[in-house]
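Numbering (the working numbering), first residue to last: 124 to 312.
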């Protein structure tokens, strides 16, 4: 689902951005005028894209863009006056925020949206891969703890402990993690 949040202190600019996003295929749009409301909205809803039209009613907007880049997986585009782009970009570039000058060129905004979507897609893929690796690392730690318990209590060598866990997993048709949990429950208090 293409869900986007538009944060703009200007009603006219908000209408223009909403119309543009509809043409880009975004069907589920939410809009607000303040950074405080945007933070509250992003607490409970995951947006694919957030466009911030600076300045906002309660802050400039670069603080919000940094907050969203650090705390959500949304792609963030910050629109600001052309003479401020360099200064604003220096503040937010390290967080992965795309800064687009205003008045906006529709082609440039469209290209920026596509670029942010591509970067977000890649980032989400890396997050999924990272999660899988973290699960594997946790499993390896658990198995290593079980090996240590076997080495300590049954006086096995590391290869023998490894073989014991592997054999138990095959014999009981369970995973090495399940065998390790059984070993730890038997030897650790």
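Beta carbons are placed, not taken as given, at the ideal position from N, Cα and C, and that holds for glycine. Keep in mind it's a predicted model, so treat the numbers as computed, not measured.
- [ ] Determine the extent of the beta strand (DSSP E) in which residue 351 is found, giving its start and end residues.
- [x] This structure leaves residue 351 out entirely; the chain is present only between 124 and 312.
TODO: Note down the Cα distance separating residue 214 from residue 158, rounded to an integer number of angstroms.
DONE: 17 Å
TODO: Provide the residue(s) that pair with residue 172 in DSSP beta bridges, ordered along the chain.
DONE: 127 and 198
Open item on the list: Contact between the stretch 229-244 and the stretch 176-192 is defined here as three or more beta-carbon pairs at a separation below 8 Å; is this criterion met?
Closed with: no
Task: the stretch 262-277 / the stretch 187-207 touching (three or more Cβ pairs under 8 Å) - done: no
Task: Touch test, the stretch 169-184 against the stretch 129-139, Cβ-Cβ under 8 Å, three pairs minimum - done: yes
Open item on the list: For residue 281 and residue 290, which I take to be in contact (beta-carbon distance under 8 Å), what is that distance rounded to the nearest angstrom?
Closed with: Actually they do not touch by this definition, with Cβ atoms about 15 Å apart.
Task: CB of residue 229 within 7 Å of CB of residue 204, strictly - done: no
TODO: Using beta-carbon positions only, say whether residue 305 and residue 288 come within less than 7 Å of one another.
DONE: no
Open item on the list: For residue 268 and residue 285, what's the separation of their Cα atoms in angstroms?
Closed with: 11 Å
Task: Reference residue 241; option with closest CA among 166, 171, 156 and 154 - done: 171
Task: Inter-residue Cα distance where the pair is residue 222 and residue 201 - done: 5 Å
Task: Proximity below 7 Å, CB of residue 198 to CB of residue 163 - done: no
Task: Per-residue DSSP class, three states only, for residue 282 - done: helix
Open item on the list: With H, G and I counted as helix, E and B as strand and the rest as coil, what does DSSP make of residue 141?
Closed with: helix
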